[in-house]
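Undergrad: Note that our numbering has the sequence shown beginning at 829, numbered continuously upward.
Glycine included, every Cβ here is placed at the ideal spot set by N, Cα and C.
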Amino acid sequence: MYKIIVFTHGSLAESLVRTSRLILGNQPDIETYCVEPGCNLEEMRNGVEQSIRRSNDSGQEVLVLTDLMYGTPFNTMIQLEEECSFTHITGTNLPLLIEAINRRLLDGNSRSFTGLVETAKEGIVDSHVLLQMS
């Protein structure tokens, strides 16, 4: 089963994971990291790196979800890509997190992240257009 790390600005990561628990129940191997004003970014980077390294050392795949392209979490992960092995998707939303968790539940050995981005995009719908289609 792969680990999921949700790394965002503010408390978004914690809120996404808390909300996913309402829908799917408590899930193992999900970590959150939140960039807050005044936080120690070097300490946070080291925490994320150590978490990924522990997973890499044990053969566990890691999926990292960040919130905003070119934001601090995104930039941190781009730096770590040279040092650690993980899959990184930015622009995270609740449908993406739910899909990533569901894939682990359905096939814990699956390491394919193909289609996750499409799922996240499909979760964004103009309800007015949707209602006109019915």
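Give me the Cβ distance between residue 837 and residue 895, rounded to the nearest whole Å; I'm assuming they're in contact under 8 Å.
TA: Right, their Cβ atoms sit about 6 Å apart.
Undergrad: Quick check on residue 953: does DSSP put it in helix, strand or coil?
TA: Coil, per DSSP.
Undergrad: If we count the other Cβ atoms within 10 Å of its Cβ and call it buried at 16 or more, is residue 964 buried or exposed?
TA: Given that the chain is displayed from residue 829 to residue 962, the structure contains no residue 964 and the question cannot be resolved.
Undergrad: Name the DSSP beta bridge partners of residue 891, please?
TA: Answer is 832 and 915.
Undergrad: Name the DSSP bridge partner or partners of residue 860?
TA: Looking at the DSSP assignment, residue 860 forms a beta bridge with 834.
Undergrad: Do you know whose CA, among 929, 902, 932 and 927, lies nearest residue 918's CA?
TA: Per the Cα distances, 902.
Undergrad: Which two residues bound the contiguous alpha helix (DSSP H) that contains residue 909?
TA: Here residue 909 belongs to no alpha helix (DSSP H), and DSSP marks it neither H nor E.
Undergrad: Tell whether a beta-carbon distance below 8 Å holds between residue 927 and residue 944.
TA: Result yes, Cβ atoms of residue 927 and residue 944 sit closer than 8 Å.
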